[in-house]
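What follows is a single structure, written as structure tokens, with notes after it.
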Ligand SMILES: Nc1ncnc2c1ncn2[C@@H]1O[C@H](COP(=O)(O)OP(=O)(O)OP(=O)(O)O)[C@@H](O)[C@H]1O
Ligand SMILES: Nc1ncnc2c1ncn2[C@@H]1O[C@H](COP(=O)(O)OP(=O)(O)OP(=O)(O)O)[C@@H](O)[C@H]1O
Ligand SMILES: [Mg+2]
Ligand SMILES: [Mg+2]
């Protein structure tokens, strides 16, 4: 099971629809400062149901919608679709390709889709958790967070291990 | 006025007496991870009267004394001497060379010297402050601290500017 | 549930020691319950003894050393509880060349069973990639993908990415 | 004292804008009192508009962008209140090549009147140095100084330090 494709449209600095393809093994994401690399990591987390705006460097839903630039007006909505290759059935759902999609509007409203069908956030979270994919665990290490586990209090560090469990 | 020489003995990883010489302009300190580069920055701050052990990555005086290694037993004391070239009288004291020295013992006792004479911590702090050298200000930016000013609350950020003032 | 946690914990603990020794080329590290009498709520303590050095509190470790200890813990958690995907955003920023090499080796091994998406500026890590995505930003503040060709191998054995706009 | 602060503040504010524009090659930034009616206790707000982008909250800026904004503020404070010495520990860790170049330029100008001791792994910054100190660690955990010869200039115009044990 792996993340095969990521489509970002209107999310943060990705005003134009952008499709990123990933293979198995190691994919490096490179480029100059401020181009949008960490925004790609944010997009993955956000599509997978991340609820903490703070962990996405924002404070409310609107902050992840493209806010305009000197050359382009702001977007009305943000949409990210993550497509997993699931032939090994790592996600216990009878699809070889699993597409999780999230859309947000400036009203603050969020919508979630699973292979095109509208679902609740809870359905996305349950599905991912059943595949041992926990956003709170060690799946995503954000920029500047590499030694966060060392700075945690012992009790909080224990929670980190339980999250992965 | 500039920092001409730094002598470190028994402070953190500098178990053996080590003399570092600096010129005007830019001096780069380089080397592999964990060799002692940040310890050099700590030594400068410590000699100049730094009282926050936390900012020196320790919790008490003993933490800055060489604690021993697999090949060498621990030291009984730490001493750092900073020598400033002061011909321009930036420090309002009638010496061309100003040597500030600090020594600490495992008992927790600290001693300060100015050009060889024993003085109080306050004397060192007063002298440096009169030269506009404030440890709390922008004189030393520690590792991982570069964007600290941005994370401060607006009120604390204001204090940062006042410190430098 | 208690036994489940203890089994996972024991596995993570031994894996942590293994990856620590691989990343530091020796030494010893441990992950312990702060309160073994009360595993249900006990916190987790980390101690690290780097090769040639004595056991040290985590705060006193260097930037690069802290990154490596964290990475060892991360890989230990992944080893005990394999996840299909891992996103790392500049976890290698503080690593020198030698440590980057060791980090690469472990990444290489893990990448057989886990997909890694690694945001990085580190040339050594980029060399480890099976594929590379380049992210650029247009003059009007919009992120876009650019293809990246590896510039062959230079004198240091380092592949240099060349952006193809 | 109030006037003193306001004079210093006005100078830092204009210098901040100037260094921001130098480090970002354009754009605009401001440093404002959160409460202009009450300068005595008001906090300080920073806003940043990078070239081509819209004004953005600091938290949403990238790692490299945050480093540059911080460096602009640091240099502004140093410009308004010159200090003889400045110690920087890996402030350039998050900078890409282009931003390292701009950082070097400003460092170069400032180094005429201020002594900089810069701990760094960044080759561009090392090139800017007037002298280089190498720090190594012996097998028995003791720091020591090593002399460093510059390896001449390689194909990228980068001088490569060679350790002489
Ligand atoms: N809602 C938004 N609308 C438009 N631009 C945004 C939005 N949110 C963030 N940005 C922009 O995205 C940029 C940051 O992108 P990102 O953090 O991905 O950079 P990066 O490639 O990781 O850089 P670095 O190498 O410095 O870490 C910032 O310039 C920020 O202004
Ligand atoms: N009191 C002490 N006695 C012995 N060793 C110490 C003491 N305090 C710190 N150290 C050691 O100093 C080392 C850290 O040194 P330092 O932080 O200067 O590294 P660095 O050269 O800045 O590395 P990096 O490039 O990773 O930031 C650690 O290995 C730590 O164990
Ligand atoms: Mg980033
Ligand atoms: Mg360091």
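Residue numbers (our numbering), protein chains in the order written: chain A, 4 to 168; chain B, 4 to 168; chain C, 2 to 166; chain D, 2 to 166. For each residue, glycine too, the CB sits at the ideal point set by N, CA and C. Predicted model only: the values in this text are computed from it and were never measured.
First and last residue of the uninterrupted alpha helix (DSSP H) at residue i
i	result
residue 154 (chain B)	151–154
residue 148 (chain A)	Premise fails: residue 148 (chain A) is in no alpha helix (DSSP H) and is neither H nor E.
residue 78 (chain C)	64–81
residue 41 (chain B)	40–50
residue 123 (chain B)	Note, residue 123 (chain B): premise wrong, no alpha helix (DSSP H); not H, not E.
Listed by chain order, chain C residues near residue i by CB distance under 9 Å
i	result
residue 30 (chain A)	116, 117, 118, 119, 130, 131, 132, 133 and 134
residue 146 (chain B)	63, 64 and 95
residue 135 (chain B)	Neighbours of residue 135 (chain B) on chain C: none; closest Cβ ~29 Å, over 9 Å.
Interface flag, residue i vs chain A, CB-CB below 8 Å
i	result
residue 63 (chain D)	yes
residue 75 (chain C)	yes
residue 23 (chain C)	no
residue 10 (chain C)	yes
residue 82 (chain C)	yes
Minimum Cβ-Cβ distance from residue i to chain D less than 8 Å
i	result
residue 3 (chain A)	The structure shown does not extend to residue 3 (chain A), since chain A is modelled only from 4 through 168, so no value can be given for it.
residue 115 (chain B)	no
residue 8 (chain B)	no
residue 66 (chain A)	yes
residue 147 (chain C)	no
residue 2 (chain B)	Residue 2 (chain B) falls outside the range modelled here, since chain B spans only 4 to 168, and no answer is possible.
residue 101 (chain B)	no
Span of the beta strand (DSSP E) around residue i
i	result
residue 3 (chain C)	No beta strand (DSSP E) contains residue 3 (chain C), which is instead part of the alpha helix (DSSP H) from 3–25.
residue 12 (chain A)	5–12
residue 100 (chain A)	100–108
residue 135 (chain C)	132–138
residue 193 (chain C)	With chain C represented from 2 up to 166, any question about residue 193 (chain C) goes unanswered, as that position is not in the structure.
residue 126 (chain D)	Element bounds for residue 126 (chain D): not the beta strand (DSSP E) but the alpha helix (DSSP H), 124–129.
residue 108 (chain D)	It is not in any beta strand (DSSP E) - residue 108 (chain D) instead sits in the alpha helix (DSSP H) that spans 98–111.
residue 90 (chain D)	86–90
residue 113 (chain A)	113–117
residue 46 (chain D)	45–50
residue 171 (chain B)	Given a span of 4 to 168 for chain B in the structure shown, any question on residue 171 (chain B) remains unanswerable.
residue 54 (chain B)	Per DSSP, residue 54 (chain B) belongs to no beta strand (DSSP E) and is neither H nor E.
Proximal chain C residues relative to residue i, where beta-carbon distance stays under 7 Å
i	result
residue 86 (chain A)	Those do not exist, as residue 86 (chain A) stays about 12 Å from chain C at its closest Cβ, beyond 7 Å.
residue 152 (chain A)	71 and 74
Cβ of residue i within 8 Å of any chain C Cβ
i	result
residue 93 (chain A)	yes
residue 1 (chain D)	Coverage of chain D is limited to positions 2 through 166, which leaves residue 1 (chain D) absent and any answer about it impossible.
residue 53 (chain D)	yes
residue 70 (chain B)	yes
residue 56 (chain A)	no
residue 141 (chain A)	yes
residue 77 (chain A)	no
residue 44 (chain A)	yes
Chain B contact residues for residue i, given Cβ-Cβ distances below 7 Å
i	result
residue 100 (chain C)	36
residue 107 (chain D)	None at all; the shortest Cβ gap to chain B is about 12 Å.
residue 1 (chain D)	The shown model of chain D, from 2 to 166, leaves out residue 1 (chain D), and the question about it has no answer.
residue 67 (chain D)	150 and 153
Listed by chain order, chain D residues near residue i by CB distance under 7 Å
i	result
residue 82 (chain A)	Those within 7 Å of residue 82 (chain A) in chain D number zero; the least Cβ separation is about 19 Å.
Residue i at chain B interface by Cβ criterion, 8 Å
i	result
residue 196 (chain C)	Outside the shown range of chain C (2 to 166) lies residue 196 (chain C), about which nothing can therefore be said.
residue 159 (chain D)	Note that residue 159 (chain D) has pLDDT 43, beneath the 50 cutoff, so the model's placement of it is unreliable and the number below is only indicative. No, its Cβ sits nowhere closer than 8 Å to a Cβ of chain B.
residue 126 (chain D)	yes
residue 7 (chain D)	no
residue 44 (chain D)	yes
residue 79 (chain D)	yes
residue 17 (chain D)	no
Contacts of residue i in chain A (Cβ-Cβ under 8 Å)
i	result
residue 137 (chain C)	34, 35 and 38
Interface partners of residue i on chain D, CB under 8 Å
i	result
residue 74 (chain A)	53
residue 47 (chain B)	88 and 118
residue 16 (chain B)	138, 142, 143 and 144
residue 23 (chain B)	134 and 146
Within chain A, the residues that residue i reaches when beta carbons sit closer than 9 Å
i	result
residue 112 (chain C)	27, 28 and 29
Chain-ordered neighbours of residue i on chain C, where CB pairs are closer than 8 Å
i	result
residue 41 (chain B)	63 and 64
residue 53 (chain A)	The contacting residues do not exist; residue 53 (chain A) stays about 12 Å from chain C at best.
Between the segment 84–98 of chain C and chain A, which residues of the former have CB atoms less than 7 Å from a CB of the latter, in chain order?
-> So the close ones are 84, 85, 86, 87, 88, 89, 90, 91 and 92.
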